[in-house]
Each structure stands twice: as C-alpha cells, then as structure tokens.
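Colleague: In my numbering, the protein residues as written are 27 to 310.
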Ligand code: HEM
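What follows is the structure in structure tokens.
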C-alpha cells in the first residue's frame with residue numbers, strides 16, 4: 027500500500043529525470059549492465075516467506091512490487107534511461123572516448139517495422155510450404171501432390187551454355203551412338219530428349235524426329251516426307267499445334283533445352299512440300 031502511495035505521488039509529480047551518474051551510484055544488483063535484465067521481474071522472498079516479484083525502477087535503482095499499475099511508469103523510465111545512454115554514447119563519440127560495454131549494448135540494430143513485416147511474411151511462406159509438403163506426403167504419399175513438370179526438372183536450375191548446332195552435327199545425336207545424348211530440334215530450338223530414349227532411340231516409334239528438325243511433320247503427320255523445318259504454307263491453327271509441341275518439350279519434366287539449330291534459309295522459289303497420303307492424325 028505504501029509503495030502504491032509513493033508511486034502515485036511520483037506519477038503526480040511527473041516522471042523524474044534520470045541521470046546515469048545516479049544509476050552508477052546506486053547499489054542495486056540489477057542496474058543496467060548487470061547480468062539480470064531490468065525488464066524481467068525478479069523473484070524474492072518477502073518477510074513472510076512468500077515469493078514476491080519486483081521490478082527495478084531505473085531512475086532510483088529501487089525495487090518496486092511487480093504490479094500492472096506500475097508498468098506504464100516503468101516503461102517510461104526505461105525509455106528515458108535508454109535515451110540517456112544514447113545521448114551519452116553520442117557524447118563519447120564526439121570526444122573520441124571508448125564506449126563501455128553497456129553503451130555498446132545500444133549499438134545492436136533495431137529492425138524497422140518493414141523489416142519485421144517482411145521477416146514475418148517469409149516465415150509465414152516457409153510455414154505454408156512445409157504444411158503443403160507434409161499434407162501432400164500424408165494424404166497422397168507424395169510431398170508434391172503428384173506434380174512432375176518443368177518446375178521439378180532439375181535441369182532448369184543448372185545454367186549451361188547454349189550450343190549452336192548445324193544440321194550435320196545434330197544428325198550425330200539421333201540415338202545411334204549410345205554414348206551420345208539423344209537430341210531433336212523443333213522450330214530451331216534443340217532439346218535433349220535422352221530420357222525418352224524408348225520413343226526417340228533406334229527402333230522407337232518417334233525415332234524419325236531425333237537428330238533433326240522435323241517441325242513440319244509434327245503438324246501434318248507426314249512422318250516420311252515432311253521431316254523438314256520448312257513450315258511454309260501452314261495455317262495459323264497448324265502453327266498453333268506446332269507451338270503446342272514446342273511447349274511440350276520446353277515444359278517437360280525431364281527434357282531440357284541445349285541450344286539452337288542454324289539452318290540455311292529456305293529458298294522461296296522451291297516448292298512447298300506436298301501433302302502426303304499416309305498422314306498420321308494428331309494424338310486423340
Ligand atoms: C501428328 C501426329 C502425332 C505426332 C506428331 C505424335 C508425336 C508424339 C511424340 C513426340 C511422342 C513422344 C512423347 C514423349 O517424348 O514423351 C508421342 C507419344 C505417344 N503417341 Fe504420338 N504423335 C502423333 C499421333 C499419335 C496418334 C494418332 C496416336 C495414337 C493412335 C499416338 C499415340 C502416342 C502414344 C500412346 C504415345 C506415348 C505416350 C503418351 O501418351 O504421351 N500418337 N507422340
């Protein structure tokens with residue numbers, strides 16, 4: 027009760043000014059710079075033997091009972107004390123004097139609200155990713171919920187120099203040499219399709235696409251006569267189909283881009299390839 031009265035009296039007078047000199051003169055164990063933080067209430071035995079909590083008033087160095095009513099006052103006192111330390115640090119700097127450890131304490135960077143916000147956002151995103159992966163693992167038995175596509179293709183994340191192929195060089199990568207990768211070109215972009223060896227290797231159903239650019243055949247289905255990059259005369263719809271095949275390779279879970287094909291320009295005076303009899307229709 028007496029402490030409360032004293033406290034109210036002190037509040038009525040307004041917060042007392044704090045001086046570091048007065049702090050260093052006090053005999054308090056919990057003065058700033060001592061090992062115990064003044065923010066944390068201290069536990070002590072009262073005269074009656076019961077456990078009591080105390081806060082430290084930084085302006086006087088005295089212990090005050092840990093009560094809700096005292097909190098605002100103590101926060102203000104601590105703020106004043108910190109300002110005094112900052113002021114003192116500036117003064118030390120101006121005078122080129124070395125800083126004591128408790129003054130160095132304030133050197134720790136205070137993070138801005140924006141940095142705090144960004145940090146919480148990153149934490150929330152990481153947390154969501156972990157939840158997503160774990161739920162996929164428990165519900166579907168696969169952390170990625172069965173997704174396998176371009177984002178799970180590790181080749182995407184390895185930067186590699188792009189190679190410029192000529193038709194002659196590319197023809198050596200048709201799967202006939204098992205030591206070489208299987209490559210094909212579509213619309214002048216060369217992809218490594220070694221993972222699809224069963225389709226593109228010798229004896230595979232789409233071996234004719236390997237080691238060359240047969241863009242026209244992808245659209246017309248003329249797997250014998252249209253094995254050429256010549257796409258003259260194709261309609262907008264057919265070019266869209268070709269673009270679809272390009273994206274099939276570009277977004278594939280295991281194929282990846284390795285370079286481009288340098289082909290001689292098509293002589294416009296040469297005839298456009300004729301439609302064929304044995305055209306294969308697009309996959310249903
Ligand atoms: C212009 C026509 C066609 C083209 C250009 C074409 C092209 C291709 C290519 C490039 C692949 C290999 C896919 C890979 O690398 O994973 C493939 C696979 C396949 N094609 Fe065709 N195809 C055509 C028509 C057809 C037709 C008409 C059928 C069925 C009667 C068919 C059935 C299949 C099957 C079953 C596969 C294997 C796996 C899958 O479904 O992707 N294709 N096709």
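All C-beta atoms, glycine included, are put in the ideal place defined by N, C-alpha and C.
Taking 7 Å as the cut-off, decide whether the C-beta atoms of residue 287 and residue 197 are in contact.
Modeller: Result no, Cβ atoms of residue 287 and residue 197 do not sit closer than 7 Å.
Colleague: Mind listing, in chain order, the continuous beta strand (DSSP E) runs of no fewer than 3 residues lying wholly within the segment 131-188?
Modeller: Fully enclosed beta strand (DSSP E) runs of 3 or longer: not present.
Colleague: How should residue 246 be labelled, buried or exposed, when 16 other C-beta atoms within 10 angstroms of its C-beta is the threshold for buried?
Modeller: Flag for residue 246 reads buried.
Colleague: I need the straight-line Cα distance from residue 188 to residue 218, nearest angstrom please.
Modeller: Rounded to whole angstroms, residue 188 to residue 218 spans 12 Å at the Cα level.
Colleague: Excluding the five sequence neighbours on either side, which residues of its own chain have a C-beta within less than 6 Å of the C-beta of residue 118, listed in chain order?
Modeller: Closer than 6 Å at Cβ, skipping near neighbours: 125.
Colleague: By how many angstroms is the C-alpha of residue 79 removed from the C-alpha of residue 68?
Modeller: About 5 Å.
Colleague: Just the C-alpha distance for residue 151 and residue 157, rounded to the nearest angstrom, thanks.
Modeller: For residue 151 and residue 157, the distance between alpha carbons rounds to 10 Å.
Colleague: Return the first residue and the last residue of the alpha helix (DSSP H) that residue 24 is part of.
Modeller: The requested residue 24 does not occur in the structure, where the chain is confined to residues 27 to 310.
Colleague: Is the separation between the beta-carbon of residue 81 and that of residue 92 shorter than 7 Å?
Modeller: Yes. Within cutoff.
Colleague: Where does residue 120 land, buried or exposed, given buried means 16+ other C-beta within 10 angstroms?
Modeller: So residue 120 ends up on the exposed side.
Colleague: Of the choices 302, 264 and 283, whose alpha-carbon is the least far from that of residue 183?
Modeller: The residue with the shortest Cα to Cα distance from residue 183 is 283.
Colleague: For residue 175, tell me which candidate among 308, 294 and 278 has the shortest Cα-Cα distance.
Modeller: Answer by Cα proximity: 278.
Colleague: Straight-line CA distance for residue 89 to residue 141?
Modeller: Between residue 89 and residue 141, the C-alpha separation is close to 36 Å.
Colleague: Taking only three categories from DSSP, how would you classify residue 265?
Modeller: Helix at residue 265.
Colleague: To the nearest angstrom, report how far apart residue 272 and residue 213 are at their CA atoms.
Modeller: Their backbone Cα atoms lie some 7 Å apart in a straight line.
Colleague: Tell me the rounded alpha-carbon separation between residue 55 and residue 116.
Modeller: Only weak support exists for where residue 55 lies, its pLDDT of 37 falling under 50; the coordinates are left without a value.
Colleague: Do you know how far the Cα of residue 98 is from the Cα of residue 123?
Modeller: Computed Cα separation, rounded: 34 Å.
Colleague: Ligand 1 and residue 269: does any heavy atom of the ligand fall closer than 6 Å to the residue's C-beta?
Modeller: Checking every heavy atom of ligand 1 against the Cβ of residue 269, none is found closer than 6 Å.
Colleague: What is the rounded straight-line gap between the Cα of residue 254 and the Cα of residue 289?
Modeller: One C-alpha to the other measures close to 10 Å.
Colleague: So, with DSSP's three-state summary, where would you put residue 215?
Modeller: Strand at residue 215.
Colleague: Let's see if you can read the secondary structure: which residues bound the beta strand (DSSP E) around residue 90?
Modeller: Per DSSP, residue 90 belongs to the beta strand (DSSP E) from 88-91.
Colleague: Report the residue from 215, 148, 300 and 263 whose alpha carbon sits nearest the alpha carbon of residue 274.
Modeller: The shortest Cα separation from residue 274 among 215, 148, 300 and 263 belongs to 215.
Colleague: Where does residue 196 sit, in a helix, a strand or coil, going by DSSP?
Modeller: In this structure, residue 196 counts as helix in the three-state DSSP scheme.
Colleague: Among the residues of its own chain, which have a CB less than 8 Å from the CB of residue 307, if the five just before and after it don't count?
Modeller: Correct list, in chain order: 247.
Colleague: Measure the CB-CB distance between residue 263 and residue 298 and report whether it falls below 7 Å.
Modeller: It is not a contact, given that the beta carbons lie outside the stated cut-off.
Colleague: May I ask which residues mark the beginning and end of the alpha helix (DSSP H) holding residue 224?
Modeller: Unbroken alpha helix (DSSP H) run through residue 224: 223-226.
Colleague: Excluding the 5 residues flanking residue 276 on each side, which residues of the same chain have their C-beta closer than 8 Å to its C-beta?
Modeller: Hits under 8 Å: 176, 215, 217 and 283.
Colleague: According to DSSP, is residue 191 part of a helix, a strand, or is it coil?
Modeller: Three-state DSSP puts residue 191 in a strand.
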